[in-house]
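Visitor: All letters in the sequence shown, in the order written, are residues 1 to 261 by full-length UniProt numbering.
Every residue, glycine too, gets a C-beta built ideally from N, C-alpha and C.
Here the structure is a predicted model, which means the values were calculated and not measured.
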Amino acid sequence: MSGRLQNKVALITGGGTGIGAAAAERFAQEGATVVICGRRADVLEAKVNAIRNNGGRADWVRADVSDEAAFAQAVEATVDKQGRLDILVNNAAAATWGMIETQPTSEWHACFRASLDSAFFGTRAVLPHMKHQGGGAIVNVASVCGLLGTPGMAAYTAAKAGLINFTRTAALEGAGSNIRVNVVIPGVVMTPWAQEAHGTEAAMAATARGVPLKRIGEPRELASAILFLASDEASYITGAGLVVDGGKTCELVPGAADFTD
1 MSGRLQNKVA LITGGGTGIG AAAAERFAQE GATVVICGRR ADVLEAKVNA IRNNGGRADW
61 VRADVSDEAA FAQAVEATVD KQGRLDILVN NAAAATWGMI ETQPTSEWHA CFRASLDSAF
121 FGTRAVLPHM KHQGGGAIVN VASVCGLLGT PGMAAYTAAK AGLINFTRTA ALEGAGSNIR
181 VNVVIPGVVM TPWAQEAHGT EAAMAATARG VPLKRIGEPR ELASAILFLA SDEASYITGA
241 GLVVDGGKTC ELVPGAADFT D
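1. Could you work out which residue in P219, N182, H198 is closest to T238 when comparing CA atoms only?
2. Tell me which same chain residues have a C-beta within less than 8 angstroms of the C-beta of H198, skipping the five on either side of it?
3. Out of P104, Q195, T167, which has the shortest C-alpha to C-alpha gap to N91?
4. Tell me which residue opens and which closes the beta strand (DSSP E) that A181 is part of.
5. Please report how far the alpha carbon of E233 lies from the alpha carbon of A32, in whole angstroms.
6. Give a yes or no on whether the C-beta atoms belonging to R180 and A137 are separated by under 8 angstroms.
7. Starting from the C-beta of D97, find all residues in its chain whose C-beta is less than 6 angstroms away, skip the five residues before and the five after it, and write them out in chain order.
8. Give me, in chain order, the residues of the same chain whose beta-carbon lies closer than 8 angstroms to that of A21; leave out the 5 immediate sequence neighbours on both sides.
9. Taking the alpha-carbon positions, what's the A202 to Y156 distance?
10. Hey, how far is the Cα of P104 from the Cα of F112?
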């Protein structure tokens, strides 16, 4: 690897599995000291050990990022231990299922708390540190569900749409302090959550057929997009949304990209 994040310190939420774990691995390969944050200590510790065994620098901090005090404490603990914080990846999220007319208000709020409020909590907590050190990069992880409607997922789609626009405002507020804020917008990705949601291999295959590239994305492919926006290679990019969905959201008519007989 080229050391694109050499001597940087990065905090990644939801870093134990899926896209967050892939980003943590890739960041460490590029020279960053990676701190992964989540609720399950055993999962976090296992991922940190795997990164260290491959020669990377990593640590973990346990916190429920939907709890603003806990997230703020995780940020302070990271800065105290590492001496600085250059990159924040707001990756943690939670989805709730249910049609609007029957969904409990508590589930709506829980989804927003984990998927949108947490990004606000984390951004608010890191901004003073990044301003003090002369800059930084924040990468939020949204979803194509924030661009298009999805029946049965009103809370998740609304939260992710909010995250996309929150990114733009945060970018404007951070620009004067050399703090860049961008958002990666994944389509369907082969994560434990996606596998559980689909339930069967047949369902996964059907989803893949509906993607113009005819496959489901891999976490490492999202990690590459997150890495780019976090690195100095994206030094003139802020307030941007990078869609990584195999072409799904650029297709007006489903199946129009299928030219097979």
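Guide: Once the coordinates are examined:
1. By one-based count along the sequence shown, residue 238 stands at place 238. Nearest C-alpha to T238: N182.
2. Position 198 of the sequence shown, counted from the start, is the residue given in the question as residue 198. Closer than 8 angstroms at Cβ, skipping near neighbours: M204, T207.
3. Numbered from 1 along the sequence shown, position 91 holds the residue referred to as residue 91. Among P104, Q195, T167, the Cα nearest to that of N91 belongs to T167.
4. Position 181 of the sequence shown, counted from the first residue, corresponds to residue 181. Note on residue identity: the sequence assigns Val, not Ala, to residue 181. Looking at the DSSP string, the run of the beta strand (DSSP E) that includes V181 is 179-186.
5. As a first step, residue 233 is located in the sequence shown; it is residue number 233 there, counting from the start. As a first step, residue 32 is located in the sequence shown; it is residue number 32 there, counting from the start. Approximately 15 angstroms between the Cα atoms of the pair.
6. Here residue 180 corresponds to residue number 180 of the sequence shown, with the count starting at 1. Here residue 137 corresponds to residue number 137 of the sequence shown, with the count starting at 1. In contact: R180 and A137 (Cβ atoms closer than 8 angstroms).
7. Taking the first residue of the sequence shown as 1, we reach residue 97 at position 97. According to the sequence as given, residue 97 is Trp; it is not Asp. The answer, listed in chain order, is G152.
8. For the purposes of this step, residue 21 is taken as the residue at position 21 of the sequence shown. Counting only Cβ-Cβ distances below 8 angstroms, and skipping sequence neighbours, we find G15, I36, K47, P219.
9. In the sequence shown, counting from the first residue as 1, residue 202 sits at position 202. In the sequence shown, counting from the first residue as 1, residue 156 sits at position 156. Each residue's Cα considered, the two are about 24 angstroms apart.
10. To locate residue 104, count along the sequence shown from 1; it is residue 104. To locate residue 112, count along the sequence shown from 1; it is residue 112. Each residue's Cα considered, the two are about 13 angstroms apart.
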